[in-house]
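Everything on this sheet refers to the single structure shown next.
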């Protein structure tokens, strides 16, 4: 295991290349426990390329002989050639090429990266570490530039390099905070995503949570949660019943209303994990008198599009289904629920991937909700929210789309004790679950999220509430994104911060409903509150 | 030998223009219409929104509203970045202390070159080469060259020193980084030598550029200035083929990518571009794309469902 890591170590070191001692990680004001890494089993060590750090996302089978080793390398190089061809990568090629050619290695990006900082500034988590390996391979083995070894540095290419590079692409949350700080405009987040894409689209190597259980499952049964259209409609009906009772207001969630103004696109994970979010949206839209509907068409009742994390083909397929469902219903616009990556996939990426005939305008729910709240269509009593509230900014909706103020305008109106986290808005930090991590729990991935990737978020939360830490004051972390909520839930649960600090977390809509004076009080629950 | 020297001069200038053109052409050819990949703040969203990083997507029914683009915001944004190296100052101040003088030195010498070219043109159009205005220009150039060369040498040496001493930077530094910085330091030193050992640097530069413009291949009177120019010729060719090409590409990396938030205008031209790209042949090999192995376009890929039950033969 190497401490003084060099770039070339990815091709030379035998076995696991690095290990981070969880006890050496930066201290936080919140009582966050280090999570010890579980050792890989002998079977894993024997059969799987878990040779990067204490985590293993891709489970790449270890080549059994020289021929298999060469095959892995050759497939990788073939993929790299395709990645740099217009026909195979017209979507991202200009951005990729400029990021490959213009980095001056100033490492200004390092300080911006929460993974680098919260790993104790471990060399391997520098945003440029993986990019530079990828760059050197490209110049030396694909472009075959004269004097490449001398000009860019020699990089050994063997199966270990390939396996470690694939794994390294999954030590990045794709939050693009590093790209925001680059003086030139180089994008290490993009390079990480392009490596993921190469592995998925050429080698058929991806995290099973994103592919088999994610995009493929969504295309097979209708949702990455596994819910079929019938199950979704049934569950939403139950949610309507339950929350009609809880709120004292009859809730009806409409499905498949032709000609409605709005098709609301939820992350279907909310239906299973956070039904209060579904109910809150329905209640708000209903009370505001909107003309709206959900779709029960397969794929279109789940705004999830994990393709944006690893694969262009899957991204386009799912985005197309979302648009086609809206077209069939004849709605005027799609409103995207509290899911950051769904915002980005459908609003920004799909803008130039889906042909004009299928385009339907898309709007963020933060904007729609701001319009409802500010228009006075709801009876709101902010004193019901008289507890400290802070806001997490989902990277996809905020830094990558510039939707910053609408959610703040709402909070200023309904939450008297709203306070910002340090480094908020477009300077925010990822929750640590971004780019697919929030839905992965095996091979020390949850330990990775708890120890390193989510650590900066815990620092931000601790700083936002530093005047009222402890169990006495109830506090609310508003995280209007499904994946971010999943990550924050794990962080709070693992460290018992619900009881130690009286934290509750949830979305924006829950806070709005909590302030609605025509509903029963106490929509938001803290630990110990009666159900 | 003198003629060869001048030919090298022409080749260096032509080479720089051609290589810069090829670089830009290659960027433009990489995709008729790449996806949007913006990053906020975007300065053309207007001063109010740019201050906190907001976008047009914060507006209700944004597609029905006219777009207000602040071109001045973009110009101001890029000027602040280029002239002050603002991002480096904000995120890497230790490096900024070294790289800022280095860049300012280059800007001064580039600006000085432009002034000398204008002076030569003025002379060719009849201005008295020994007149009062030219004497003023000569003094300006003298000051600019001296200061600029000092900045390049000082900044360049400081950057080399930082690359050698900073553990993080050292691992990412290759011989080419030292060559690039070393060439600039040498260029700066030769500029200083030519300045110090000749009565007027302006006179040397003006004579050389006048000779270039009039195809008068006369020997140059200063060895230091000749060497100074030779290193300059090398840098002109070398810059576009290295990571220093960011001099040319930064415009696109900012304006077209980072700030490229323009919602797609579905005019005939763009519809044609998107249609053309969707017909590209896809050769990715993974099962969920290649499927049965038959040739596919992006339209085929996007409209097939790899999870659909397989049809029985």
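Chains as they are written, first to last, in our numbering: chain A, 10 to 540; chain B, 44 to 356. Note that CB positions come from ideal geometry on N, CA and C, so glycine has one too.
Can you tell me whether residue i is helix, strand or coil according to DSSP?
{"i": "residue 301 of chain A", "result": "strand"}
{"i": "residue 353 of chain A", "result": "helix"}
{"i": "residue 310 of chain B", "result": "coil"}
{"i": "residue 325 of chain B", "result": "strand"}
{"i": "residue 264 of chain A", "result": "strand"}
{"i": "residue 42 of chain A", "result": "coil"}
{"i": "residue 183 of chain B", "result": "helix"}
{"i": "residue 371 of chain A", "result": "strand"}
{"i": "residue 344 of chain A", "result": "strand"}
{"i": "residue 153 of chain A", "result": "coil"}
{"i": "residue 475 of chain A", "result": "coil"}
{"i": "residue 78 of chain B", "result": "coil"}
{"i": "residue 360 of chain A", "result": "helix"}
{"i": "residue 536 of chain A", "result": "coil"}
{"i": "residue 284 of chain A", "result": "helix"}
{"i": "residue 310 of chain A", "result": "coil"}
{"i": "residue 531 of chain A", "result": "coil"}
{"i": "residue 121 of chain A", "result": "helix"}
{"i": "residue 84 of chain B", "result": "coil"}
{"i": "residue 235 of chain A", "result": "coil"}
Let me see if you follow: with CB-CB separation under 9 angstroms, is residue i close to chain E or not?
{"i": "residue 292 of chain B", "result": "Annotation note: the requested chain E is absent from the structure, which comprises protein chains A and B."}
Buried or exposed: which applies to residue i, given that a residue is buried once 16 or more other Cβ atoms fall within 10 Å of its Cβ?
{"i": "residue 479 of chain A", "result": "exposed"}
{"i": "residue 204 of chain B", "result": "exposed"}
{"i": "residue 207 of chain B", "result": "exposed"}
{"i": "residue 184 of chain B", "result": "buried"}
{"i": "residue 261 of chain A", "result": "exposed"}
{"i": "residue 21 of chain A", "result": "exposed"}
{"i": "residue 15 of chain A", "result": "exposed"}
{"i": "residue 179 of chain A", "result": "buried"}
{"i": "residue 405 of chain A", "result": "buried"}
{"i": "residue 45 of chain B", "result": "exposed"}
{"i": "residue 280 of chain A", "result": "buried"}
{"i": "residue 69 of chain B", "result": "exposed"}
{"i": "residue 107 of chain B", "result": "exposed"}
{"i": "residue 175 of chain B", "result": "exposed"}
{"i": "residue 28 of chain A", "result": "exposed"}
{"i": "residue 111 of chain B", "result": "exposed"}
{"i": "residue 101 of chain B", "result": "buried"}
{"i": "residue 106 of chain A", "result": "buried"}
{"i": "residue 179 of chain B", "result": "exposed"}
{"i": "residue 159 of chain A", "result": "exposed"}
{"i": "residue 331 of chain A", "result": "buried"}
Give me whichever residues DSSP pairs with residue i in a beta bridge.
{"i": "residue 70 of chain A", "result": "A:57"}
{"i": "residue 515 of chain A", "result": "A:487"}
{"i": "residue 272 of chain A", "result": "A:302, A:343"}
{"i": "residue 389 of chain A", "result": "A:525"}
{"i": "residue 340 of chain B", "result": "B:324"}
{"i": "residue 428 of chain A", "result": "A:399"}
Hey, residue i and residue j are a contact pair by Cβ (cut 8 angstroms); roughly how many whole angstroms apart?
{"i": "residue 219 of chain A", "j": "residue 201 of chain A", "result": "That pair is no contact at about 14 angstroms."}
{"i": "residue 276 of chain A", "j": "residue 313 of chain A", "result": "5 angstroms"}
{"i": "residue 81 of chain B", "j": "residue 335 of chain B", "result": "That belief does not hold up - the Cβ atoms of residue 81 of chain B and residue 335 of chain B are roughly 38 angstroms apart, past 8 angstroms."}
{"i": "residue 139 of chain A", "j": "residue 177 of chain A", "result": "4 angstroms"}
{"i": "residue 354 of chain A", "j": "residue 322 of chain A", "result": "Contact flag wrong, Cβ pair sits at about 13 angstroms."}
{"i": "residue 363 of chain A", "j": "residue 317 of chain A", "result": "About 14 angstroms; that fails the 8 angstroms criterion."}
{"i": "residue 160 of chain B", "j": "residue 60 of chain B", "result": "About 14 angstroms separates the two Cβ atoms, so there is no contact after all."}
{"i": "residue 453 of chain A", "j": "residue 63 of chain A", "result": "5 angstroms"}
{"i": "residue 104 of chain A", "j": "residue 460 of chain A", "result": "Rounded, the Cβ-Cβ distance is 31 angstroms, inconsistent with contact."}
{"i": "residue 122 of chain A", "j": "residue 135 of chain B", "result": "Contact doesn't hold; Cβ gap of about 13 angstroms is too wide."}
{"i": "residue 284 of chain B", "j": "residue 62 of chain B", "result": "6 angstroms"}
{"i": "residue 343 of chain A", "j": "residue 274 of chain A", "result": "6 angstroms"}
{"i": "residue 485 of chain A", "j": "residue 398 of chain A", "result": "5 angstroms"}
{"i": "residue 525 of chain A", "j": "residue 389 of chain A", "result": "6 angstroms"}
{"i": "residue 413 of chain A", "j": "residue 97 of chain B", "result": "5 angstroms"}
{"i": "residue 60 of chain A", "j": "residue 169 of chain A", "result": "6 angstroms"}
Which residue spans inside the segment 186–231 of chain B form an unbroken alpha helix (DSSP H) run of at least 4? 210–215
Along the chain, which unbroken stretches of the alpha helix (DSSP H) at least 4 residues long are found entirely within the segment 130–199 of chain A? 136–146, 157–161, 168–177, 186–190
Please give me, in chain order, every unbroken run of the alpha helix (DSSP H) with length at least 4 that falls completely inside the segment 108–159 of chain B. 114–127, 129–134
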